[in-house]
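Undergrad: I'd like to ask some things about the structure below.
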Amino acid sequence: MKLKYTKLQLALETIGLLFLVGMIVFIYTQWDQIPQQVPMHYNALGEIDSWGSKYQTFILPTIGILLYIFITVVSFFPQIWNVPVQITDENKEAVYLSTKNLIIFIKVEILAIFFYLNYHTVTAQPLSTIFLPIFMIIIFGTVIFFIVRTIRLGNEKKHNREL
1 MKLKYTKLQL
11 ALETIGLLFL
21 VGMIVFIYTQ
31 WDQIPQQVPM
41 HYNALGEIDS
51 WGSKYQTFIL
61 PTIGILLYIF
71 ITVVSFFPQI
81 WNVPVQITDE
91 NKEAVYLSTK
101 NLIIFIKVEI
111 LAIFFYLNYH
121 TVTAQPLSTI
131 FLPIFMIIIF
141 GTVIFFIVRT
151 IRLGNEKKHN
161 REL
């Protein structure tokens with residue numbers, strides 16, 4: 001089944017690409033101001049606990065590009081997705097659309113988080129102490145929302161078929 005992009009999905013993809021390009025552009029525009037040693041790791045409180053070369057600022061954008069490509073490719077193959085309901089002819093469009101939305105939302109959230117981390121790495125600043133809890137709430141909240149939504153959509157279509 002080929003899934004076309006909705007307007008929301010296209011908007012999210014654009015935002016994701018902007019985060020990705022923004023990371024790279026930010027590094028290049030700030031290159032002369034980046035200190036020779038930059039934060040490479042933060043503890044759970046957002047404090048810097050490891051330092052590295054300024055050339056390592058390209059690690060997050062590189063991982064971001066690879067994740068973007070991988071997640072985008074996976075989004076084109078709904079038959080390989082593990083969904084929480086049985087796929088039927090009646091529910092597959094709704095379930096696949098909901099699952100594709102989940103995949104795209106998670107991709108954009110990860111890229112936004114990478115952008116935030118990249119900014120703090122380039123500027124050699126610690127993270128906010130609430131970064132980790134907010135990050136966890138956003139990611140897990142999105143996953144839970146879409147799993148519940150997908151189950152409801154799948155069961156709704158199944159229930160309608162049984163009536």
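Heads up, the sequence shown is in full-length UniProt numbering, so the first residue is 1 and it goes up one at a time. The beta carbon of each residue, even a glycine, is placed where N, CA and C say it ideally should be. None of these values were measured; they are calculated from a predicted model.
Where does Arg161 fall in DSSP's three states?
TA: Translated into the one-based positions of the sequence shown, residue 161 becomes position 161. Low confidence applies here, because Arg161 scores a pLDDT of 48, under 50, leaving its location unreliable; read the following figure in that light. Reduced to three states, the DSSP call for Arg161 is helix.
Undergrad: Between Leu8 and Leu111, is the Cβ-Cβ spacing less than 7 Å?
TA: As a first step, residue 8 is located in the sequence shown; it is residue number 8 there, counting from the start. As a first step, residue 111 is located in the sequence shown; it is residue number 111 there, counting from the start. Cβ distance not < 7 Å, so Leu8 and Leu111 don't count as in contact.
Undergrad: Below 8 Å on the Cβ atoms is my guess for Ser50 versus His41; work out the distance and round it to an integer in Å.
TA: Here residue 50 refers to the residue found at position 50 when the sequence shown is read from its first residue. Here residue 41 refers to the residue found at position 41 when the sequence shown is read from its first residue. With 8 Å as the limit, Ser50 and His41 qualify as a contact, their Cβ atoms being about 4 Å apart.
Undergrad: Quick one, are the C-beta atoms of Pro126 and Glu13 less than 7 Å apart?
TA: As a position in the sequence shown, residue 126 is number 126, starting the count at 1. As a position in the sequence shown, residue 13 is number 13, starting the count at 1. Not a contact, by the Cβ cut-off of 7 Å.
Undergrad: Would you call the stretch 136 to 149 and the stretch 63 to 73 touching, i.e. three or more CB-CB distances under 8 Å?
TA: Contact fails: fewer than three Cβ-Cβ distances are below 8 Å.
Undergrad: For the putative contact between Phe114 and Gly154, defined by C-beta atoms under 8 Å, what is the C-beta separation to the nearest angstrom?
TA: In the sequence shown, counting from the first residue as 1, residue 114 sits at position 114. In the sequence shown, counting from the first residue as 1, residue 154 sits at position 154. The pair is not a contact, with the Cβ atoms about 32 Å apart (cut-off 8 Å).
Undergrad: Rounded to whole angstroms, what is the Cα-Cα separation between Val85 and Thr150?
TA: The sequence position of residue 85 within the sequence shown is 85, counting from 1. The sequence position of residue 150 within the sequence shown is 150, counting from 1. Whole-angstrom Cα-Cα distance: 8 Å.
Undergrad: If I measure Cβ to Cβ from Phe131 and keep anything under 7 Å in the same chain, skipping five residues before and after, which residues do I get?
TA: As a working note, residue 131 is residue 131 in the sequence shown. Excluding sequence neighbours, Phe131 sits near Gly46.
Undergrad: Look at residue 168 and Thr99 and say whether their C-beta atoms are less than 7 Å apart.
TA: Shown here, the chain extends from 1 to 163; a query on residue 168 therefore has no answer.
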